[in-house]
Each structure stands twice: as C-alpha cells, then as structure tokens.
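Numbering (the numbering used here), first residue to last: 8 to 256. Built from N, CA and C at the ideal position, the CB exists for glycine as well. Since this is a predicted model, take the numbers as computed values, not measurements. The structure under discussion appears below in the form of structure tokens.
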Amino acid sequence: MTLEQHKSTRPVSPDELQRVNKIRRDFVANVSHELKTPATSLKLLAESLEETLDEDPVQARLFAAQLKKETERLAQLITDLLDLARLESQERIDYPSIVDVRGVLMTVLSRMRRVARKKEITLQWKRFGKAAQYTVRGDETQLTSMFTNLIDNAVKYTPPGGRVEVIGGSEDSEIVIRIADTGIGIPEGKLSRIFERFYRVDRARSKATGGTGLGLSIVRHVAENHGGRVTVESTPGEGSTFTVHLPRA
Ligand SMILES: Nc1ncnc2c1ncn2[C@@H]1O[C@H](COP(=O)(O)OP(=O)(O)O)[C@@H](O)[C@H]1O
Ligand SMILES: [Mg+2]
8 MTLEQHKSTR PVSPDELQRV NKIRRDFVAN VSHELKTPAT SLKLLAESLE ETLDEDPVQA
68 RLFAAQLKKE TERLAQLITD LLDLARLESQ ERIDYPSIVD VRGVLMTVLS RMRRVARKKE
128 ITLQWKRFGK AAQYTVRGDE TQLTSMFTNL IDNAVKYTPP GGRVEVIGGS EDSEIVIRIA
188 DTGIGIPEGK LSRIFERFYR VDRARSKATG GTGLGLSIVR HVAENHGGRV TVESTPGEGS
248 TFTVHLPRA
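In structure tokens, the structure reads:
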C-alpha cells in the first residue's frame with residue numbers, strides 16, 4: 008500500500024507535450040471552477056446580509072460571520088495557488104542556505120499544538136534510530152509550508168482523542184520524517200490521486216474544514232524541489248503515515 012511519488016520528467020515527445028497541454032487546460036478550468044464557487048457564495052451572503060441588516064440583526068450577524076469565513080477560504084485558495092505557481096516555476100535549484108529541518112519542525116509543531124489540543128489530539132515529536140543530523144540545503148519557507156500542510160492534514164483528518172506523531176531519523180544519506188496519524192485513513196484506490204491538485208477523497212468534508220485540495224501538491228513540489236520525495240501508506244479507519252525523504256546537506 009505504498010505509493011512512490013516519482014519525480015516529474017521533462018516532456019519530450021509530441022504525445023507527451025499534448026498530455027502536458029491538456030493538464031494545463033484542465034488546471035485552468037479547475038481553478039476557474041474553484042474560484043467561482045466561493046465568489047458566488049460571497050455574493051449571496053452579501054445580499055442576505057443587506058436584506059437582514061435592519062429587520063434581523065441577529066441573523067445579519069450570522070451572515071457576516073459566514074461571509075468572513077468564506078472570504079478567508081478564498082484568500083487561502085489564492086495563497087495556495089500562488090505558492091504552487093512559485094514552486095512549479097523553480098525547477099530543482101541549488102539552494103544556497105543550509106536549513107535545520109528539526110528546527111523547522113519544532114516551530115511548526117509549536118504552532119500546531121493549540122489546534123491539536125482543541126481537538127483533543129496528542130501531537131508528539133519522536134526520534135527513531137540513532138541521533139541524526141537534520142540539515143538540508145533548502146528553503147526554510149518552503150519546508151515550513153510542507154510540514155505545516157502534512158501536520159495540518161494529520162490533525163484535520165483524525166477524530167478527537169486520536170494521536171499524531173512526527174518521527175524523525177535518518178537512513179543512509181537521507182533525513183526521514185514521518186507524520187503518522189490515527190485518523191480516518193485513505194482508501195487504497197484513492198492513494199494514487201491525493202497528490203493531484205484539487206483532489207480530495209471527500210469533497211464535502213475537505214470544504215467544511217477549509218481545505219483547498221492543494222496542500223499535498225505543495226508538499227510534493229517542495230519535496231521534489233529539495234531533491235527528495237514523499238510517500239504515503241494508509242489503512243482506512245486506522246490511520247495514515249506520510250514519509251518525507253530529504254537528502255542531507
Ligand atoms: N492525514 C490524512 N488522513 C486522511 N486523509 C488525508 C490525509 N491527508 C490528506 N488526506 C486526503 O487527501 C486529500 C488532499 O489533501 P490536501 O491536498 O491537503 O487537500 P485538503 O485541502 O483537502 O486538505 C484530502 O482532501 C483528504 O481526502
Ligand atoms: Mg490539506
């Protein structure tokens with residue numbers, strides 16, 4: 008049940024070019040659709056707010072709150088799209104700076120702790136194997152975004168009372184970081200699709216939790232930009248483990 012995410016190869020043949028062009032067209036269509044939905048609800052909510060403002064201020068307040076939530080979602084979608092566009096425009100580059108992945112993880116973990124506690128989920132850092140050195144050549148912002156997305160998903164798709172573990176170690180010349188949860192899991196047939204842009208196993212659930220469906224595309228790009236990869240193993244009803252491999256500096 009392991010899925011290897013292979014590095015994207017450059018298009019060469021006319022067939023390949025045609026395929027890439029189709030992906031691009033589909034992407035534009037998808038983006039338009041994804042933007043149109045929140046835009047429509049913003050308009051409806053604004054109208055409802057306008058209508059209730061005088062007669063029913065209590066209801067109006069609820070519409071205002073929804074309007075705010077919907078706007079935040081739209082802003083998140085735009086942020087994710089911009090991140091993704093930036094990540095895709097850089098082919099694998101030689102990053103000048105050395106980043107301490109453990110430090111990045113500690114920052115992300117301390118930020119996520121409050122959300123986890125609210126859901127009564129234990130969020131823990133662990134180590135496997137002997138003491139490892141966690142330095143990579145890379146971009147701290149990208150790495151932060153990658154781990155934030157993975158831990159955010161783990162917390163989001165784990166019911167209250169569950170556990171999320173971030174386990175770090177090293178194998179050969181690579182740093183290995185596992186994000187393991189005791190959550191809802193992913194059906195085997197869907198595993199190959201979750202890294203696609205906008206793909207969600209359960210659309211309604213993802214939307215209810217403010218998801219954009221772009222998180223794992225960002226994760227995959229960050230891993231590949233750093234010369235690494237991300238894999239997933241999951242059992243529905245038991246949990247999922249995402250594993251990031253990064254070459255050590
Ligand atoms: N830890 C996880 N447990 C269960 N399902 C997950 C997990 N992480 C991701 N998924 C599934 O993969 C989909 C894509 O993830 P992502 O790209 O981050 O989008 P989203 O914005 O929906 O979180 C999610 O909608 C969810 O169905
Ligand atoms: Mg996500």
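Between residue i and ligand 1, is the CB less than 7 Å from at least one heavy atom?
{"i": "residue 185", "result": "no"}
{"i": "residue 164", "result": "yes"}
{"i": "residue 38", "result": "no"}
{"i": "residue 311", "result": "Lying outside 8 to 256, the shown extent of the chain, residue 311 is not represented and no answer is given."}
{"i": "residue 213", "result": "yes"}
{"i": "residue 201", "result": "yes"}
{"i": "residue 152", "result": "no"}
{"i": "residue 188", "result": "yes"}
{"i": "residue 191", "result": "yes"}
{"i": "residue 247", "result": "yes"}
{"i": "residue 196", "result": "no"}
{"i": "residue 110", "result": "no"}
{"i": "residue 220", "result": "yes"}
{"i": "residue 117", "result": "no"}
{"i": "residue 224", "result": "yes"}
Would the beta-carbon of residue i fall within 8 Å of that of residue j?
{"i": "residue 181", "j": "residue 252", "result": "yes"}
{"i": "residue 71", "j": "residue 56", "result": "yes"}
{"i": "residue 165", "j": "residue 188", "result": "yes"}
{"i": "residue 205", "j": "residue 174", "result": "no"}
{"i": "residue 130", "j": "residue 116", "result": "yes"}
{"i": "residue 186", "j": "residue 211", "result": "no"}
{"i": "residue 229", "j": "residue 94", "result": "yes"}
{"i": "residue 73", "j": "residue 52", "result": "yes"}
{"i": "residue 48", "j": "residue 79", "result": "no"}
{"i": "residue 167", "j": "residue 105", "result": "no"}
{"i": "residue 221", "j": "residue 91", "result": "yes"}
{"i": "residue 133", "j": "residue 178", "result": "no"}
Original post:
Would the segment 222-231 and the segment 151-160 be scored as touching if the rule is three or more Cβ pairs under 8 Å?
Top reply: Yes, the segment 222-231 touches the segment 151-160.
**OP:** Starting from the N-terminal end, write out each residue whose C-beta falls within a distance shorter than 6 Å of any non-hydrogen atom of ligand 2.
**Re:** A Cβ closer than 6 Å to some heavy atom of ligand 2 marks a residue here, and those residues are 156, 159, 160, 218 and 222.
**OP:** Evaluate contact between the segment 180-194 and the segment 235-253, counting only Cβ atoms and requiring at least three cross-stretch pairs below 8 Å.
**Re:** yes
**OP:** Determine, using beta-carbon pairs with one atom in the segment 135-144 and one in the segment 79-98, whether at least three such pairs fall under 8 Å.
**Re:** no
Subject >> Inter-stretch contact at 8 Å, needing at least 3 Cβ pairs: the segment 199-210 / the segment 166-182 >> reply: no
Original post:
Do the segment 124-135 and the segment 207-223 make contact, defined as three or more Cβ pairs closer than 8 Å?
Top reply: Verdict: no, contact absent.
**OP:** Report the residue ranges of all beta strand (DSSP E) runs contained in full by the segment 123-184; include only those spanning at least 3 residues, in chain order.
**Re:** 129-134, 142-144 and 170-178
**OP:** Entirely within the segment 191-255 and at least 4 residues each: give me those alpha helix (DSSP H) ranges in chain order.
**Re:** Segments of the alpha helix (DSSP H) lying fully in the segment 191-255: 210-215 and 222-232.
**OP:** Pick out the complete beta strand (DSSP E) segments inside the segment 58-128, 3 residues or longer, and give them in chain order.
**Re:** 105-107
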